Amino acid sequence: MDAQGTKAALTEISAIKVVAPTVLQEVVDMAIQIHGGMGVCQDTLLPNFYAQARVLRLADGPDEVHKTMIAKLELKRQGFSRSAKSDKA
12 MDAQGTKAAL TEISAIKVVA PTVLQEVVDM AIQIHGGMGV CQDTLLPNFY
62 AQARVLRLAD GPDEVHKTMI AKLELKRQGF SRSAKSDKA
C-alpha cells in the first residue's frame, strides 16, 4: 500500500478482511475446545471473545462481500470482463 497505493492492494486488503477475523474465530473456538465445558461458561471470557470474533466478521462487511470483490479483481486481472462473457454466450 505504501509503495503502490490502496487501489493496487485491493485484493490483498479484501483477503485480509476475510482471513484475519476467520482465524481469530478459529483460535477462540480452539481455546473453547481446550477448556471443555468451562470454555462456554460465563466464568471465562471465551464466550465473549467468540461473540466479538463473529461480529468482527460482519463489521467491515460480510465475508461474502470481500470474497466477491477478490473474485472480481482477479477475473479483471486475468482479462475476463462482462462483455467477454456475453460475447461467448
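When we follow the working numbering, the leftmost residue of the sequence shown carries the number 12, and every step to the right adds one. Idealized CB from N, CA, C, for every residue including glycine. Predicted model, so just to flag it, every value in this text is computed and none were measured.
#1: State the CB to CB distance for the pair K28 and H77, rounded to an integer number of angstroms; the pair is presumed to be in contact (CB under 8 Å).
#2: If you draw a straight line from the alpha carbon of G102 to that of A64, how long is it in whole angstroms?
#3: Scan the stretch 31-93 and note each continuous alpha helix (DSSP H) run of 4 residues or more that stays entirely inside, going in chain order.
#4: Go ahead and label P32 buried or exposed: buried means 16 or more other beta carbons lie within 10 angstroms of its beta carbon, across all protein chains shown.
#5: What does the alpha-carbon distance come out to for the pair A82 and F91?
#6: Closest to I24 by C-alpha separation, out of Q89, L84, R93, L56, would be which residue?
#7: Does the beta-carbon of H34 have 16 or more other beta-carbons within 10 angstroms, so that it is buried, or is it exposed?
Taking the geometry as given:
#1: Walking along the sequence shown from the start, residue 28 turns up at place 17. Walking along the sequence shown from the start, residue 77 turns up at place 66. 5 Å between Cβ atoms; contact.
#2: An answer regarding residue 102 cannot be provided, because it is not within the stretch 12 to 100 covered by the chain.
#3: 57-70, 74-88
#4: Along the sequence shown, one-based indexing puts residue 32 at 21. Label assigned to P32: buried.
#5: Against the sequence shown, residue 82 aligns to sequence position 71. Against the sequence shown, residue 91 aligns to sequence position 80. Spanning the two alpha carbons is a distance of roughly 11 Å.
#6: Taking the first residue of the sequence shown as position 1, residue 24 is located at position 13. Selected option, being the one with the closest Cα: L84.
#7: Taking the first residue of the sequence shown as 1, we reach residue 34 at position 23. Note that residue 34 is Val in the sequence shown here, rather than His. V34 is exposed by the Cβ-count criterion.
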